[in-house]
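A.B. asks: What follows is a structure written as structure tokens; I'll ask about it next.
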Amino acid sequence: MNRVSRPQFELLFCIQEEGDPSIVIVQELMKKHPHVDASYFTGGKEVGVNPKINNMQPGYLAAKHELLLISDSGLMMKEDTLSDMVSYMTPDVGIVHQMPFCCDRKGWPAILEKVYFGTSHARMYLFLGLLDAMGLGVNCCTGMSCLMRKKVLDEAGGISKFGVYLAEDYFFAKYIQDQGWGIRISSQPAWQNGGLCRVMTFLRRLTRWCKLRIAMVPHTLVLEPFSECMVLGLVASWAGCVLLHADYLTFFLFHTLSWSLADWIMLNIVQNGPPPFSKFEFAVSWLFREVSALFLFLHAVWNPVISWRTGAYKLRWWGIAEPVNTRITVM
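Whatever position you read off the sequence shown (first residue = 1), add 637 for my numbering.
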């Protein structure tokens, strides 16, 4: 349990399964820190198709403070994280969220995750956050760590009203934004520190997110491939060959090298220093991620069924989810 610099808060642990081993850990923490206002809830309450909403519903109903922080169990929170997030909750802001990043862990799957979240994901996340700060109404919220005004959610009918969506984080932010509130990104990232770190698990996660984006924002179907290095490089090299009479391969290699160097700089900025792996490991992980991006996108388009936690779901346009009767193992 991390110490949190915040004078008044409560901890509400929401545990989906009755026999989850984490219950014992929570009970021991509560005994060790009896001065902390803490409770835990098991079993959840079914209010929609989203298992995360169902799990959080009892905790949401019991929450008694003005600000509500949703934090996934696989995150590491630093001592001043909550204070930092609250500092961005100015009178015109309704939700403060953290950009996902990863703790330093050993193994190539962990390197692959850190490279993705520190380059491609960080670049788009910060760019969209900047557009929103400029008043353009862009929504890039990821719900693994977000601080919200509870009264705004109460006006919508509580988090249960968002149970029809799998991407509840996006629709939390969209609703809050539609009510005239601003969205801000905290200066600290959300430090993912999950125990399971496998390549296939990571790729399935990226594919699931891609399926969600396509359903929620349909024009992603056209725009997203051209935000990736390889696809954009192929198109730009063809344009350079036709318009500038440049050598196709030379143009493509220069484009790829420039992009990778820019991503290396971005990763060092997000990491706030050099990453805990070599430039060679970065290059291998970066190339794997960039080459696999198009294949994951095509797979997401071809098979829109989402397998998440213990259920399988099919998305309608604009993000409404419907459960699929049979459990299907898909990426």
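Beta carbons are placed, not taken as given, at the ideal position from N, Cα and C, and that holds for glycine. Just so it is clear, the structure is predicted and the values come from calculations on it, not from any experiment.
Could you check what DSSP says for residue 944 in three-state terms: helix, strand or coil?
C.D. replies: Reduced to three states, the DSSP call for residue 944 is strand.
A.B. asks: In this structure, does DSSP put residue 737 in helix, strand or coil?
C.D. replies: strand
A.B. asks: Is residue 684 helix, strand or coil by DSSP?
C.D. replies: coil
A.B. asks: Taking the alpha carbon of residue 792 as the point to measure from, which residue in 807, 872, 812 and 726 has its own alpha carbon closest?
C.D. replies: 812
A.B. asks: DSSP puts residue 677 in a beta bridge; with which residues?
C.D. replies: 650
A.B. asks: Using DSSP with H/G/I as helix, E/B as strand and the rest coil, what is residue 730?
C.D. replies: strand
A.B. asks: Going by Cα to Cα distance, which pick from 681, 657 and 649 is closest to residue 972?
C.D. replies: Because the chain is modelled from 638 through 968, residue 972 falls outside the range shown and cannot be assessed.
A.B. asks: Report, in whole angstroms, the separation of the C-beta atoms of residue 931 and residue 862, which I expect to be a contact under 8 Å.
C.D. replies: 6 Å
A.B. asks: Distance check for residue 864 and residue 761, CA to CA, integer angstroms please.
C.D. replies: Inter-residue distance for residue 761 and residue 864 is about 9 Å (C-alpha atoms, whole angstroms).
A.B. asks: Could you check whether the region 911-918 touches the region 744-755, counting it as contact only if at least three pairs of C-beta atoms, one from each stretch, sit closer than 8 Å?
C.D. replies: yes
A.B. asks: Nearest by alpha-carbon distance to residue 803: which of 833, 851, 883 and 892 is it?
C.D. replies: Distance check between residue 803 and each of 833, 851, 883 and 892 places 851 closest, using alpha-carbon atoms only.
A.B. asks: I'd like the span of the alpha helix (DSSP H) that includes residue 874, first residue to last.
C.D. replies: 866-880
A.B. asks: Buried or exposed, going by whether 16 or more other CB atoms sit within 10 Å of the CB of residue 705?
C.D. replies: buried
A.B. asks: What residue from 890, 892 and 806 has the CA that sits closest to residue 956's CA?
C.D. replies: 806
A.B. asks: Assess contact between the region 812-823 and the region 762-774, defined as three or more Cβ pairs (one per stretch) separated by less than 8 Å. Is contact present?
C.D. replies: yes
A.B. asks: Output the distance between the C-alpha atoms of residue 842 and residue 697, rounded to the nearest integer angstrom.
C.D. replies: Distance between the alpha carbons of residue 842 and residue 697 is about 26 Å.
A.B. asks: When the Cα of residue 871 is compared with those of 746, 654 and 928, which residue comes out closest?
C.D. replies: Restricting attention to 746, 654 and 928, the CA atom closest to the CA of residue 871 is found in 928.
A.B. asks: For residue 878, collect the residues of the same chain with a Cβ closer than 8 Å to its Cβ; drop the 5 residues on either side in sequence, then sort them by chain order.
C.D. replies: Hits under 8 Å: 884, 885 and 888.
A.B. asks: Which one of 774, 674, 785 and 672 has the shortest CA to CA distance from residue 726?
C.D. replies: 785
A.B. asks: Once the 5 residues before and after residue 690 are set aside, which same chain residues still bring their CB inside 8 Å of it?
C.D. replies: 684, 796, 797, 799, 800 and 805
A.B. asks: Could you give the residue range of the alpha helix (DSSP H) that holds residue 922?
C.D. replies: Unbroken alpha helix (DSSP H) run through residue 922: 916-939.
A.B. asks: At what residue ranges does the region 765-828 contain a whole run of the beta strand (DSSP E), taking only runs of 3 or more?
C.D. replies: Complete beta strand (DSSP E) runs here, min 3: 782-786 and 819-822.
A.B. asks: Would you list the residues sitting across from residue 959 in a DSSP beta bridge?
C.D. replies: 951
A.B. asks: With which residues is residue 763 paired in a DSSP beta bridge?
C.D. replies: BP columns for residue 763 are empty, so no partner.
A.B. asks: DSSP on residue 705, reduced to helix/strand/coil?
C.D. replies: Note: residue 705 maps to strand in three-state DSSP.
A.B. asks: Kindly indicate which three-state DSSP category residue 713 falls into: helix, strand or coil?
C.D. replies: In this structure, residue 713 counts as strand in the three-state DSSP scheme.
A.B. asks: On the premise that residue 829 lies in contact with residue 737, defined as a C-beta separation below 8 Å, what is that separation, rounded to the nearest angstrom?
C.D. replies: 6 Å
A.B. asks: Which same chain residues, not among the five before or five after residue 844, have their C-beta less than 7 Å away from its C-beta?
C.D. replies: Scanning its chain for C-beta atoms nearer than 7 Å, with the 5 sequence neighbours on each side dropped, one finds around residue 844 the residues 933, 936, 937 and 968, in chain order.
A.B. asks: Where does residue 733 land, buried or exposed, given buried means 16+ other C-beta within 10 angstroms?
C.D. replies: buried
A.B. asks: What is the DSSP secondary structure of residue 700, reduced to helix, strand or coil?
C.D. replies: coil
A.B. asks: Spatial neighbours of residue 741 within its chain, please: CB distance less than 7 Å, with the 5 preceding and 5 following residues excluded, ordered by chain position.
C.D. replies: 913
A.B. asks: Is it buried or exposed, residue 735, if we count other Cβ atoms within 10 angstroms and call 16 or more buried?
C.D. replies: Result: buried.
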